[in-house]
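These notes are about the structure you will find just below.
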Amino acid sequence: MKRVVVLLLLSLVMVSLVFAGGQQEAETETAEIQEGFNWQAYEGARINVIVNKHPWVELIEPKIPEFEEMTGIEVSLDIYPEDQFRTKRTVEMVSGTSVIDVFMMMPGNSLAQYETNGWVEPLNPFFNNENMVWPEYELEDFYESALGAGKRNGKNYTIPLLLETSLLAYNKKILDKYGVEVPQTMEELEEAARTIYEESNGKTYGITLRGKRASATSQWVDFLHSFGGDWLDDQGKAAIDSPEAIAATEFYGKLLREYGPRSAPSNSWYESISLFQQGEAAMIYDASVFRPNYEDPESSEIHDSVGYAVIPEGPAGRVPHISNWGLAIYSGSENKEASWLFIQWATSKAIALESQLAGIPSARASAWDSPEFKEADPSPEWTKASIRSYELASPIWNPPVINVGEARDAAGSAIVAGILGEDVEAAAKEAAKEMNSILEDE
Amino acid sequence: MVERKVKYLFPLPALLLMGIIVVFPIGYNLVMSLHEWNLAGGSGMEFIGFKNYLALLEDGRFWNSLKVTAVFTIGALGGQVIIGTLLALFFHREFKGKALVKAIFLFPIAATPVAVSLIWAMMYNYDLGIINHMFSMFGLPRLAWLASRSTVIPALIITDIWQWTPLIMLIVLASLESLPQDPFESAIVDGATNFQILRLITLPMVRPAIVVAAMIRSIDAIKTFDLIYVMTQGGPDIASENLNIYVFQKGFSYFRMGQASSLAVVLFTLVLVVNIVLSMIRSTTDSSTEA
């Protein structure tokens, strides 16, 4: 039987050589393609995946043999702590001779750099090839903002494996004690913070937010957008010194300076959530993934009285941001198709649901809507606020430049000036100047 | 003839090794500092001459980091030398448990700087730190130690003094204990007061030891990294960003290798100059005591 097939193929080749070669070749390819999606199409391939230590990785690691059995693709998974991971990944890319196929990445942090340098493979050719897309994959199940975050210059580069946003969390007991309603607007937010701080004689902070330079930009950006400002203007120049941006920075600074912790300029997320967990601060606006920390009976003194809401409405509405980890394919990979199969499996509906149940917020609507999750949901209020925030969110989180760290530090200087009650306008102008020089360099 | 020249052969391996581990990195750093090399952009090295250095002259953050380095070094070194010498003079007598006291003073030196910095950062915490707790017990105002531009450097200096004063003390104490007794005896016979003995005999005699101790400490203080990185990362804003932290930020946060190298060259030169000056002071004190 086998021999007959070989003979037939051989004669086909001969015929194609005799007649119009190129055209025939194209036709045999079409014949293959008509087979449709096949998990085993790349049997025998071997792919190298590098990831950073993360709860999602812990979840997926023991399942990889299932993928290997289903596809016949061998997966080698390397796990690094986050800081070393970022360095390792960049060094691999700069070297230009990496054998990496798939890597984890936060597009909001690194996509600009990776896309500009041509280190990541666009995924759209796969999306448009029905032989490469698993029929049950359902790309449209991902939140648009999450897929959008992995997009640059009209092309998709990452598939999100989790999706986080920022939420206003509040201590119900403290708000009740001072008769404060959950703030719906920025004015109400300030009023609530003021009431709590003043009526407790400064014993309870109205609110805590990050204030440590670069790290503060992550939540400050939501105030920036909600006040109508943005990182860049229409001409692609730094806009963090626009009147809207200055108003947002002054507001953010005032909240912390007058009703927040004195330690704010040195607080990153860790110090900030600690103050909230200990009941020292009545409200916090920080990443949604900290819910388990707020509600941990071991480490949180307020675990049974936390409420959640989306960002209060500013002059330009409610504009939170989303951020996410995703999977991407190295442009120099020799196993791009096998890599794409791995990504589809790792971000499938089934795994999304499992991660959702394990407390890792999924980027797929189906996981949030599933009866399994609804039944097991430990905090429906958080779920409701998270989904609302996803719907409102902008995918822009970090400054859209290649050198994100440098631009965040520049903006961070203006935020610190706001918190310390210094001249915000001057600091914002200086920061914008610095950002423009970073932009010119790129 | 050959035998005479063969002597040059023997130190050659050592010299080569020196060349590889000392001269090469410094030389490579110098070369890098003359290039524009932006790792984040993925571009290669481009020779730009002294432009990185010229850019430093207009870089406010560079001047700020120089100022922070100077204030921190002078504050920490001054405090350590004064307190360390006073403690050495105090402990320069026989008493029960002297060995134990010396051992206890070794603790801060032996502790890892990262652990020390973490503990001090907690003690400086505005809400939960023990320092503010004690301040309010005595009716003093609480301070946002590490979060305010005006207190962050003093706070760092205090930590550095805590950790490194014992080193100065031990060096000076060792020198005190090895001093000859005759000058002191004759001074007492001549009727000198204790203060006169201290000022005219003890201090001049231990001065070389103090200068050596200060030299060792000054190198460390100028290029302090761990303490500041762990406690403030140069913050709030850039209020505690010294030269070495700025080098790190330029190189490993912003991936601007050329600019970071030019900063590193400045730092290296600074350490070198301070040490040459201190060596000169040392040689003059040596000759003056010998004379």
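As you go down the protein sequences, you meet chains A and B in turn.
Those letters in the first sequence? Residues 0 to 441, by numbering that gives the first Met the number 0.
Those letters in the second sequence? Residues 0 to 290, by numbering that gives the first Met the number 0.
All residues carry an ideal CB built from backbone N, CA and C; glycine is no exception.
Just so we're clear, the structure is a prediction, and the values are computed from it rather than from any experiment.
Within-8 Å CB hit, G404(A) to chain B: Closer than 8 Å to some Cβ of chain B, the Cβ of G404(A) qualifies, so yes.
Backbone secondary structure at N51(A) - three-state DSSP: Strand at N51(A).
Contact check, V423(A) vs A431(A), beta carbons under 8 Å: no
Span separating the alpha-carbon of F194(B) from that of F134(B): 35 Å
Beta carbon of I158(A) nearer than 8 Å to that of G325(A): yes
Closer than 7 Å at the beta carbon, the chain B residues around A263(A): What A263(A) touches in chain B: A146.
C-beta neighbour in chain B for Q112(A), strict 8 Å: yes
For Y269(A) and I437(A), the rounded distance between their alpha carbons: 29 Å
Beta-carbon separation (whole angstroms), V50(A) vs I78(A), contact threshold 8 Å: The beta carbons of V50(A) and I78(A) sit about 6 Å from each other, so the pair counts as a contact at 8 Å.
Alpha-carbon to alpha-carbon, D225(B) and K446(A): Because chain A in this structure spans residues 0 to 441, residue 446(A) falls outside the shown range and cannot be described.
Buried versus exposed, by CB contacts within 10 Å (16 or more), F106(B): exposed
Any chain A beta carbon closer than 8 Å to Y125(B): yes
Neighbourhood of M44(B) by C-beta, 7 Å cutoff - its chain only, sequence neighbours within 5 removed: H34 and W36
Chain A within 8 Å of A143(B), Cβ atoms only: yes
Beta bridge counterpart(s) of I46(A) as assigned by DSSP: V74(A)
Within chain B, the residues that I401(A) reaches when beta carbons sit closer than 7 Å: A39 and G40
Cβ-based burial, H132(B) [other Cβ within 10 Å; buried from 16]: exposed
Closer than 8 Å at the beta carbon, the chain A residues around S32(B): None at all; the shortest Cβ gap to chain A is about 18 Å.
Closer than 8 Å to chain E by CB, E279(A): No chain E appears in the structure shown, which is made up of the protein chains A and B.
Pairwise C-alpha distance: L172(B) and D189(B): 25 Å
Where H34(B) sits in the DSSP three-state scheme: strand
S412(A): contacting residues in chain B (beta-carbon distance under 8 Å): D236 and I237
Segment limits, alpha helix (DSSP H) that includes N51(B): K50 to L56
Inter-residue spacing [alpha-carbon to alpha-carbon] between R40(B) and A13(B): According to the sequence displayed, residue 40(B) carries Gly and not Arg. Their Cα atoms are separated by approximately 40 Å.
For P291(A) and A375(A), the rounded distance between their alpha carbons: So the two alpha carbons sit approximately 14 Å from each other.
Beta-carbon contacts of A448(A) that lie in its chain and below 6 Å, excluding the five residues immediately before and after: Examination of residue 448(A) is not possible in this model, given that chain A is present from 0 through 441 alone.
Same chain, Cβ closer than 6 Å to I108(B), neighbours up to 5 away in sequence not counted: Counting only Cβ-Cβ distances below 6 Å, and skipping sequence neighbours, we find P165 and L166.
Residues near R317(A) by beta carbon distance below 8 Å, same chain, minus five either side: So the list reads S225, V309, I310, P311 and L391, once near-sequence residues are dropped.
Proximity test, Cβ basis, 8 Å: Y245(B) and chain A: No, its Cβ sits nowhere closer than 8 Å to a Cβ of chain A.
Contacting residues, own chain, Cβ-Cβ under 7 Å from I418(A) (five flanking each side not counted): G210, G252, L255, R256, A263 and P264
Spatially closest choice to R281(B) from F137(B), S64(B), M214(B) and S32(B), by CA coordinates: M214(B)
Under 8 Å from the C-beta of S252(B): neighbouring residues of chain A: G404, E405 and D408
Buried or exposed by the 16-neighbour rule on C-beta atoms within 10 Å, applied to I32(A): Note on I32(A): pLDDT 47, under 50, position unreliable in the model; no value is reported.
8 Å Cβ cut-off: residues of chain A touching T111(B): Under the 8 Å cutoff, chain A gives no residues; its nearest Cβ is about 19 Å from T111(B).
Proximal chain B residues relative to V415(A), where beta-carbon distance stays under 7 Å: P235 and D236
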